[in-house]
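Q: I'd like to ask some things about the structure below.
This is the structure:
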């Protein structure tokens with residue numbers, strides 16, 4: 540079935556003396572915004588019953604048609620034999636059974652039966668085109684219904700002419716018109732049969748196009764609603780995947796960094812216990828402090844996941860940014876990493892960009908702490924220009940063969956750096972230096988309003 544969305548007519552301007560924002564409905568009636576699509580009323584109990592039992596509806600239509608044929612055949616003087624009337628009625632009933640699935644076939648059969656009934660002199664088949672053209676309008680299209688109306692009108696006129704002028708194969712047709720008044724009786728009989736048939740066919744077409752338009756309109760609304768629901772589910776799935784990926788990046792950066800620092804401090808404390816117990820005590824205290832800070836940050840991250848979208852309590856929690864880079868480098872220095880931090884330029888006011896810069900530096904230094912064994916210096920440089928922020932973290936340790944992208948925790952960390960850079964339309968590169976060591980380079984475009 541072809542589904543065409545009907546154009547939604549614009550609402551007329553409000554009558555004089557009424558403001559645009561005043562309600563135009565009766566008290567207690569639901570308000571509808573201007574330009575909104577009208578929602579059709581749900582079907583009633585009877586109509587809903589027939590919609591859910593289409594075969595029962597078809598049977599009822601067939602019984603009505605057969606009853607019509609029986610009423611017209613009772614009490615008639617002369618006319619065709621009963622077996623002729625019965626055969627035509629059964630063929631017509633069979634055409635009505637396929638009016639839903641094959642409405643054009645049902646209409647063609649009704650037109651043929653109407654012409655045949657004109658030859659033999661029966662009238663019960665005049666009901667078939669009405670039911671058939673209605674079915675075409677409802678189950679096919681309005682254009683096809685009006686085309687069938689034209690053909691049905693021609694068939695009705697032909698049926699009236701066959702009956703009126705006595706052009707039949709049986710003697711009962713010719714005997715119906717007296718020889719002395721053939722012209723007058725023929726014209727009157729033709730008019731009495733053709734004109735009402737065409738008028739009723741027009742009424743059936745109008746009703747059918749109205750009902751069919753509503754059916755197609757409701758079907759279009761249901762299809763649109765189903766499409767919107769599928770799109771909503773797809774968007775929810777994509778959003779959920781993106782949120783899980785974001786949480787995974789945050790958890791990796793926070794936990795991997797903190798555990799690396801705590802492990803380094805714990806190992807240093809363990810080595811210092813025999814000869815330098817005071818230094819070991821300080822290192823263990825710093826490890827505990829790092830663990831508490833990590834626990835707080837993990838709780839904040841999990842709280843933001845559980846919070847409602849409009850809950851502002853988690854949004855007000857402090858986020859690390861460019862201002863905490865110096866404290867970050869000092870934390871790594873206390874853990875034994877020979878880090879040097881260079882900052883230049885004016886940082887962006889974008890807190891999200893500041894968090895991204897912080898996480899990239901944090902992940903790069905974490906990788907250096909874990910894998911840059913023997914490095915004499917790890918240099919982290921963050922430079923801000925008018926249109927970009929550049930981050931370079933490099934060390935002079937011997938090349939680590941496990942620092943590629945092909946797996947491992949380092950590979951995931953580098954993947955997270957690239958993903959963070961891609962979210963801002965930036966570029967990220969990581970790999971061995973020309974001489975010795977490892978180099979991470981990231982460029983992020985600035986999006987300040989004043990830049």
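In the working numbering, the protein residues as written are 540 to 990. For glycine and all other residues, C-beta sits at the position ideal for the given N, C-alpha and C.
So for residue 879, helix, strand or coil by DSSP?
A: Position 340 of the chain shown, counted from the start, is the residue given in the question as residue 879. Correct three-state label for residue 879: strand.
Q: Across the stretch 772 to 784 and the stretch 793 to 808, are there enough close Cβ pairs to call them in contact, namely three or more that are closer than 8 Å?
A: No, the stretch 772 to 784 is not in contact with the stretch 793 to 808.
Q: Thinking just about the alpha-carbon of each residue, which of 818, 833 and 817 is nearest to the one in residue 481?
A: Only positions 540 to 990 of the chain appear in this structure, which leaves residue 481 out of reach.
Q: Going by Cα to Cα distance, which pick from 640, 611 and 792 is closest to residue 628?
A: Here residue 628 is taken as the residue at index 89 of the chain shown, counted from 1. Checked all of 640, 611 and 792; the closest Cα to residue 628 is 611.
Q: How would you label residue 976, buried or exposed, when you count the other beta carbons within 10 angstroms and need 16 or more for buried?
A: Position 437 of the chain shown, counted from the start, is the residue given in the question as residue 976. It counts as buried.
Q: Would you mind sorting residue 592 into buried or exposed? The rule is 16 or more other CB atoms within 10 Å of its CB.
A: For the purposes of this step, residue 592 is identified with residue 53 of the chain shown, where counting begins at 1. It is exposed - the Cβ of residue 592 has fewer than 16 other Cβ atoms within 10 Å.
Q: Could you give the first and the last residue of the continuous alpha helix (DSSP H) run that contains residue 924?
A: For the purposes of this step, residue 924 is taken as residue 385 along the chain shown, with counting starting at 1. From DSSP, residue 924 is part of no alpha helix (DSSP H); its letter is neither H nor E.
Q: Near residue 922, which residues of its chain fall below 7 Å by C-beta distance, leaving aside the five closest residues on each side in sequence?
A: Indexing the chain shown from 1 puts residue 922 at position 383. If we look at residue 922 and ignore the five residues flanking it on each side, its Cβ neighbours are 883, 884 and 929.
Q: Does residue 755 pass the burial test, meaning 16 or more other C-beta atoms within 10 Å, or should it be called exposed?
A: Numbered from its first residue, the chain shown carries residue 755 at position 216. So residue 755 counts as buried.
Q: Within 10 Å of its beta-carbon, does residue 901 have 16 or more other beta-carbons around it, so buried, or fewer, so exposed?
A: The residue given as residue 901 occupies position 362 in the chain shown. Per the 10 Å Cβ criterion, buried.
Q: Less than 7 Å separating the beta-carbons of residue 919 and residue 880?
A: On the chain shown, position 380 is the one that residue 919 refers to. On the chain shown, position 341 is the one that residue 880 refers to. It is a contact, given that the beta carbons lie within the stated cut-off.
Q: Here's a check: name, in chain order, each residue in its chain whose Cβ is nearer than 7 Å to the Cβ of residue 650, leaving out the five neighbours to either side.
A: In the chain shown, counting from the first residue as 1, residue 650 sits at position 111. So the list reads 668, 690, 691 and 694, once near-sequence residues are dropped.
Q: DSSP three-state call for residue 772: helix, strand or coil?
A: Here the question's residue 772 lines up with position 233 in the chain shown. It is helical.
Q: Whole angstroms are fine: how far does the CA of residue 621 sit from the CA of residue 750?
A: Position 211 of the chain shown holds residue 750. Position 82 of the chain shown holds residue 621. Distance between the alpha carbons of residue 750 and residue 621 is about 36 Å.
Q: Nearest by alpha-carbon distance to residue 700: which of 657, 741, 609 and 896 is it?
A: Along the chain shown, read from residue 1 onward, the residue named residue 700 stands at position 161. Considering only alpha carbons, the answer is 657.
Q: Considering residue 971, what are the terminal residues of the alpha helix (DSSP H) in which it resides?
A: By 1-based counting over the chain shown, the position of residue 971 is 432. Looking at the DSSP string, residue 971 is not in any alpha helix (DSSP H); the run it does join, the beta strand (DSSP E), is 966 to 971.
Q: Should residue 874 be labelled buried (16 or more other beta-carbon atoms within 10 Å of its own) or exposed?
A: Numbered from 1 along the chain shown, position 335 holds the residue referred to as residue 874. Buried, because 16 or more other Cβ atoms sit within 10 Å of the Cβ of residue 874.
Q: Compute the distance between the beta-carbons of residue 861 and residue 886, then report whether it is under 7 Å.
A: Stepping through the chain shown from its first residue, residue 861 is reached at position 322. Stepping through the chain shown from its first residue, residue 886 is reached at position 347. Closer than 7 Å, so yes.
Q: On a CA-only basis, which of 966, 973 and 970 is nearest residue 981? Give me that one, please.
A: Taking the chain shown and counting its residues from 1, one reaches residue 981 at position 442. Here the closest residue by C-alpha is 966.
Q: Any idea what DSSP makes of residue 812, helix, strand or coil?
A: Stepping through the chain shown from its first residue, residue 812 is reached at position 273. It is coil, neither helix nor strand.
Q: Does residue 982 come out as helix, strand or coil in the three-state DSSP assignment?
A: To locate residue 982, count along the chain shown from 1; it is residue 443. Strand.
Q: Indicate whether residue 597 and residue 644 have their beta-carbon atoms separated by less than 7 Å.
A: Against the chain shown, residue 597 aligns to sequence position 58. Against the chain shown, residue 644 aligns to sequence position 105. No, Cβ-Cβ distance for residue 597 and residue 644 is not below 7 Å.
Q: Between the Cα of residue 979 and those of 888, 906, 683 and 915, spot the shortest distance and give me the residue it belongs to.
A: Taking the first residue of the chain shown as 1, we reach residue 979 at position 440. Residue 906 is the option with its Cα nearest to residue 979.
Q: So what's residue 743 in DSSP terms, helix, strand or just coil?
A: Taking the chain shown and counting its residues from 1, the one referred to as residue 743 is at position 204. Residue 743 falls in the helix class under three-state DSSP.
Q: Taking Cβ to Cβ, would you say residue 684 is nearer than 7 Å to residue 744?
A: If you number the chain shown from 1, residue 684 lands on position 145. If you number the chain shown from 1, residue 744 lands on position 205. Contact: yes.
Q: Roughly how many angstroms lie between the CA atoms of residue 752 and residue 681, to the nearest whole one?
A: As a working note, residue 752 is residue 213 in the chain shown. As a working note, residue 681 is residue 142 in the chain shown. If you take the alpha carbons of residue 752 and residue 681, they lie about 8 Å apart.
Q: Excluding the 5 residues preceding and the 5 following residue 986 in the sequence, name in chain order all residues of the same chain whose CB lies nearer than 6 Å to its CB.
A: Residue 986 sits at position 447 when you count from the first residue of the chain shown. Correct list: empty, nothing qualifies.
Q: Taking 6 Å as the limit between beta carbons, can you name the residues of its chain near residue 895, skipping five residues before and five after?
A: One-based indexing of the chain shown puts residue 895 at position 356. So the list reads 959, once near-sequence residues are dropped.
Q: Just to confirm the assignment, what range does the alpha helix (DSSP H) spanning residue 901 have?
A: Translated into the one-based positions of the chain shown, residue 901 becomes position 362. Taken as a continuous stretch (DSSP letters only), the alpha helix (DSSP H) holding residue 901 covers 890 to 910.
Q: For residue 824, does the count of other Cβ atoms within 10 angstroms reach 16, so buried, or fall short, so exposed?
A: The residue you call residue 824 lines up with position 285 of the chain shown. Residue 824 should be labelled exposed.
Q: Is the CB-CB distance between residue 698 and residue 653 below 7 Å?
A: As a position in the chain shown, residue 698 is number 159, starting the count at 1. As a position in the chain shown, residue 653 is number 114, starting the count at 1. Yes, Cβ-Cβ distance for residue 698 and residue 653 is below 7 Å.
Q: Residue 747 and residue 672 look like a contact to me (Cβ under 8 Å); what is the Cβ gap, rounded to whole Å?
A: Reading the chain shown from its first residue, position 208 is the one you call residue 747. Reading the chain shown from its first residue, position 133 is the one you call residue 672. Their Cβ separation, rounded to whole angstroms, is 6 Å, which keeps residue 747 and residue 672 in contact under 8 Å.
Q: Going by the DSSP bridge assignment, what does residue 622 pair with across the sheet?
A: Mapped onto the chain shown, residue 622 falls at position 83. DSSP output for residue 622 lists no bridge partner at all.
Q: Which class does residue 932 belong to by DSSP, given the choice of helix, strand or coil?
A: Within the chain shown, the letter at position 393 stands for residue 932. Three-state result, residue 932: strand.
Q: DSSP state of residue 919, grouped into three classes?
A: Looking up residue 919 in the chain shown gives position 380. In the structure shown, residue 919 sits in a strand (DSSP, three-state: E or B).
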